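Let me begin by presenting the structure, written as structure tokens, before commenting on it.
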Amino acid sequence: MRTIKFLLQKEFRQIFRNKTLLRSILISPCIQLLILPLAANYEVKNISLAVVDNDHSAYSQKMISKITSSGYFKLTSYNSSFKEAYHQIEEDKADIILEIPAHFERNLVRENEQKLFVAVNAINGTKALLGGGYLANIINNYNNEIRLQWVQPSRFNTAPLIEIASSNWYNPLMNYQIFMVPGILVMLVTMIGGMMCSLNIVKEKEIGTIEQINVTPIKKHHFILGKLIPFWVIGMVVFTLGLLIARFVYHIIPIGNISLLYGFLAVYLLAVLGLGLLISTYSDTQQQAMSITFFFVMIFNLMSGLYTPVESMPNWAQWIAKFNPLSYFIQVMRMVVLKGSEFNDVKPHLIAILGFAIVFNTWAILNYRKRA
Amino acid sequence: MQQPVIKTELLTKRFGSFTAADELTFEVYPGEIFGFLGANGAGKTTAMRMLCGLSLPSSGKATIAGFDIYKQTEKIKQNIGYMSQKFSLYEDLTVIENIRFYAGIYGLSDKEIKAKSNNLLDQLGLQNEAKKLVSELPLGWKQKLSFSVAVIHQPKIVFLDEPTGGVDPVTRRQFWDLIYDASDKGLTVFVTTHYMDEAEYCNRISIMVDGRIEALDTPSNLKKQFSANSMDDVFYQLARGAKRNE
Numbered sequence: 001m002r003t004i005k006f007l008l009q010k011e012f013r014q015i016f017r018n019k020t021l022l023r024s025i026l027i028s029p030c031i032q033l034l035i036l037p038l039a040a041n042y043e044v045k046n047i048s049l050a051v052v053d054n055d056h057s058a059y060s061q062k063m064i065s066k067i068t069s070s071g072y073f074k075l076t077s078y079n080s081s082f083k084e085a086y087h088q089i090e091e092d093k094a095d096i097i098l099e100i101p102a103h104f105e106r107n108l109v110r111e112n113e114q115k116l117f118v119a120v121n122a123i124n125g126t127k128a129l130l131g132g133g134y135l136a137n138i139i140n141n142y143n144n145e146i147r148l149q150w151v152q153p154s155r156f157n158t159a160p161l162i163e164i165a166s167s168n169w170y171n172p173l174m175n176y177q178i179f180m181v182p183g184i185l186v187m188l189v190t191m192i193g194g195m196m197c198s199l200n201i202v203k204e205k206e207i208g209t210i211e212q213i214n215v216t217p218i219k220k221h222h223f224i225l226g227k228l229i230p231f232w233v234i235g236m237v238v239f240t241l242g243l244l245i246a247r248f249v250y251h252i253i254p255i256g257n258i259s260l261l262y263g264f265l266a267v268y269l270l271a272v273l274g275l276g277l278l279i280s281t282y283s284d285t286q287q288q289a290m291s292i293t294f295f296f297v298m299i300f301n302l303m304s305g306l307y308t309p310v311e312s313m314p315n316w317a318q319w320i321a322k323f324n325p326l327s328y329f330i331q332v333m334r335m336v337v338l339k340g341s342e343f344n345d346v347k348p349h350l351i352a353i354l355g356f357a358i359v360f361n362t363w364a365i366l367n368y369r370k371r372a
Numbered sequence: 001m002q003q004p005v006i007k008t009e010l011l012t013k014r015f016g017s018f019t020a021a022d023e024l025t026f027e028v029y030p031g032e033i034f035g036f037l038g039a040n041g042a043g044k045t046t047a048m049r050m051l052c053g054l055s056l057p058s059s060g061k062a063t064i065a066g067f068d069i070y071k072q073t074e075k076i077k078q079n080i081g082y083m084s085q086k087f088s089l090y091e092d093l094t095v096i097e098n099i100r101f102y103a104g105i106y107g108l109s110d111k112e113i114k115a116k117s118n119n120l121l122d123q124l125g126l127q128n129e130a131k132k133l134v135s136e137l138p139l140g141w142k143q144k145l146s147f148s149v150a151v152i153h154q155p156k157i158v159f160l161d162e163p164t165g166g167v168d169p170v171t172r173r174q175f176w177d178l179i180y181d182a183s184d185k186g187l188t189v190f191v192t193t194h195y196m197d198e199a200e201y202c203n204r205i206s207i208m209v210d211g212r213i214e215a216l217d218t219p220s221n222l223k224k225q226f227s228a229n230s231m232d233d234v235f236y237q238l239a240r241g242a243k244r245n246e
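Protein chains in written order, with UniProt numbering: chain A, 1 to 372; chain B, 1 to 246.
Right, here's the structure in full:
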């Protein structure tokens with residue numbers, strides 16, 4: 001126990017003395033948490049729309065103004081021919097072309113039917129998909145409005161109509177920030193914890209102090225605990241800062257029990273730091289440790305379900321996600337923060353993370369050699 | 001005759017097909033200053049790392065302070081001090097913090113730590129520098145400090161790997177005063193060096209060439225044996241035959 005006291009004293013002194021490091025541990029995640037959620041917004045806005053109106057009627061005008069007033073589209077050009085509009089797409093000035101054929105109004109009134117043409121630039125898949133969807137939706141609504149004006153509602157509706165009333169549970173306004181901020185916080189805590197921990201030990205290898213430690217009768221698990229505990233504490237601090245930002249900047253107040261979150265975090269950090277330790281036992285230089293950590297961090301982040309749901313990945317990829325500790329904690333964060341889930345709901349996740357923690361740390365202790 | 005504190009028998013370390021240390025057999029007695037000489041790449045550091053329990057021998061036997069080098073490394077570590085070629089105190093900790101840290105992990109009590117660190121600072125004349133970061137000290141002082149830290153737990157043997165490399169003659173002299181002081185108190189000193197004047201300070205020396213010990217005796221006997229005027233000469237005659245060159 002006394003040995004650990006000395007190790008911790010040394011570790012914290014070194015961390016607090018390294019002002020640059022301290023700043024990057026504490027300030028950079030805060031800045032990231034302020035910036036990243038803005039980028040992780042799935043609502044597509046400012047879609048550039050090129051319109052080819054061959055009709056110039058009251059109806060076509062009304063429809064265009066309905067589209068532009070939705071807030072999702074900005075009318076970038078008003079073209080006389082499809083060819084001209086297509087040019088706009090080629091030059092990346094437009095994302096979507098809406099072509100209104102000649103006699104749009106007349107046909108609609110007389111024949112009760114009219115076709116429109118929408119061409120979407122699908123280079124940016126998300127934008128194309130959502131943009132096309134929004135546009136179709138707006139036009140549909142417009143269509144319904146006209147129908148209501150023309151068709152007298154009769155008691156005997158001729159066509160059966162299914163109307164969908166949907167409500168968004170746990171996030172009624174479909175606010176992406178509420179969904180993303182907790183996830184991004186988990187990602188930041190993971191990166192800081194794992195990276196700092198592995199780099200710290202490898203640094204001792206590089207400067208040679210680890211050899212001086214290895215000639216002492218210090219116990220392996222004492223040394224490893226001496227490295228784990230400081231970064232465990234730092235992980236807790238960073239997480240707390242993140243929760244405060246979520247509370248005061250994004251107004252996210254966890255519905256569930258905060259101590260449940262911290263309890264999960266405590267185990268989760270052990271898993272992440274264990275992985276950091278494991279990486280450090282396999283690398284001799286900070287450069288090596290950094291590149292291995294980076295490899296895992298990229299995979300962990302993109303396959304965590306933070307940006308895209310794990311369920312929509314192919315089966316084999318879902319298996320990879322099962323071995324990703326990040327995905328468990330992101331789920332738990334969202335469950336507890338948004339839905340107010342309780343201990344029993346997150347128990348399977350907790351068991352999985354506990355498994356990771358045990359495997360990584362045991363592996364690291366076994367692989368850490370005082371003697372080459 | 002006393003029991004040897006270091007006793008090796010055909011101790012060998014191979015890295016793949018390369019034999020860094022080849023069938024080393026020697027004994028070192030308590031209180032001795034044992035010089036371990038050899039050209040760069042002769043295998044001195046490899047041998048020393050095996051004796052300190054930092055590197056596992058490929059074959060051969062050895063006991064350090066009576067403990068087996070394979071099975072009782074942790075016992076050995078309680079009884080040895082080690083100062084590596086590379087300066088290995090924490091540069092971002094102060095002098096006193098380094099002393100306390102190492103004293104602490106060697107299991108000294110608070111009272112011992114306090115007394116020891118005061119003594120040590122007095123002996124090294126570092127009282128005024130106690131609160132300075134180690135990185136701010138000149139190299140010579142750093143080396144003296146590392147030596148004192150390496151023996152803070154009063155080990156039976158201390159291993160010094162080129163402790164005076166790059167240090168000025170005056171500081172080197174002071175460094176050897178520290179070694180003599182410690183040796184007078186019964187500490188066994190196992191030291192590698194490239195300075196032949198330092199070799200003369202040793203009770204006995206061994207000279208390694210290409211991983212093997214080619215000569216082992218007192219400096220004066222070696223000079224006689226090689227009919228040389230100085231240790232420089234002895235070393236030159238032996239090292240000239242080396243095939244490894246770095």
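Just so you know, even glycine gets a beta-carbon here, dropped at the ideal spot from N, CA and C. Bear in mind that the values here come from a model prediction, so they are computed numbers and not experimental data.
- The Cβ-Cβ distance between A/S283 and A/V359 does not fall below 7 Å.
- For A/F231, the nearest beta carbon of chain B is not closer than 7 Å to its own beta carbon.
- B/A65 and A/L228 have their C-alpha atoms roughly 34 Å apart.
- The C-beta distance from B/D92 to A/Q14 rounds to 5 Å, short enough to meet the 8 Å contact threshold.
- Contiguous beta strand (DSSP E) elements confined to the segment 12 to 98 of chain A occur at 47 to 53, 73 to 79, taking only those with 3 or more residues.
- Below 8 Å, too few C-beta pairs join the segment 91 to 105 of chain B and the segment 158 to 165 of chain B to call them touching: fewer than three.
- DSSP, read as helix, strand or coil, puts A/S283 in coil.
- For B/Q78, at least one C-beta of chain A is nearer than 7 Å to its own C-beta.
- Within 7 Å of the CB of A/I218, the CB atoms of chain B belong to I105, in sequence order along the chain.
- Taking C-beta atoms as the reference points, A/Q212 and B/S88 count as a pair closer than 7 Å.
- When the beta-carbon positions are compared, A/A102 and A/D53 stay at least 7 Å from each other.
- B/A150 places its beta carbon 7 Å or farther from that of B/M50.
- Going by DSSP, B/I205 is part of the beta strand (DSSP E) stretching over 204 to 209.
- Counted as a single uninterrupted DSSP element, the beta strand (DSSP E) harbouring A/V120 occupies residues 117 to 120.
- Taking each of B/G241, B/K243, B/D197 in turn and checking the Cα distance to B/N229, the smallest one comes out for B/D197.
- Of all residues in the segment 254 to 285 of chain A, none has a C-beta nearer than 8 Å to a C-beta of chain B.
- Within the DSSP secondary-structure output, B/I80 pairs in a beta bridge with B/I157.
- Per DSSP, the unbroken beta strand (DSSP E) holding B/S59 starts and ends at 59 to 64.
- In summary, the residues of the segment 14 to 33 of chain A whose CB is separated from some CB of chain B by less than 8 Å are Q14, R17, N18, in the order they occur in the chain.
- Note on geometry: alpha-carbon atoms of B/G186 and A/F6 lie some 29 Å from one another.
- Judged by DSSP in its simplified three-state form, B/T46 adopts helix.
- Around the beta-carbon of A/N315, fewer than 16 other beta-carbon atoms lie within 10 Å, marking it exposed.
- B/R14 is bridged by DSSP to B/T19.
- In this chain, the alpha helix (DSSP H) harbouring B/I99 covers 95 to 105.
- Segment contact: the segment 201 to 216 of chain B against the segment 26 to 38 of chain B, three or more CB-CB distances shorter than 8 Å; contact assigned.
- No Cβ of chain B is located within less than 7 Å of the beta carbon of A/Q318.
- Looking at the DSSP output, B/L216 shares a beta bridge with B/S206.
- Measuring C-alpha to C-alpha distances from A/F356 to each of A/S327, A/F343, A/R334, A/K339 identifies A/S327 as the nearest.
- The Cβ neighbour count for A/Y78, taken over all protein chains shown within 10 Å, is under 16; the residue is labelled exposed.
- From the listed residues A/Y268, A/S81, A/P217, the smallest Cα separation to A/M236 is found for A/Y268.
- For B/W176, same chain residues with a beta-carbon under 6 Å away, outside a window of 5 residues either side, are Y201 in chain order.
- Within the DSSP bridge table, the entry for B/T188 names B/I157 as partners.
- Selection B/I113, B/L178, B/F101, B/D22 evaluated against B/E214 yields B/D22 as nearest (Cα-Cα).
- Note on geometry: alpha-carbon atoms of A/V181 and A/L338 lie some 11 Å from one another.
- Among the residues facing chain B, A/G208 is included, as its CB has a counterpart in that chain under 7 Å away.
- Using beta-carbon distances, A/E43 does not count as an interface residue toward chain B, since no partner is under 7 Å.
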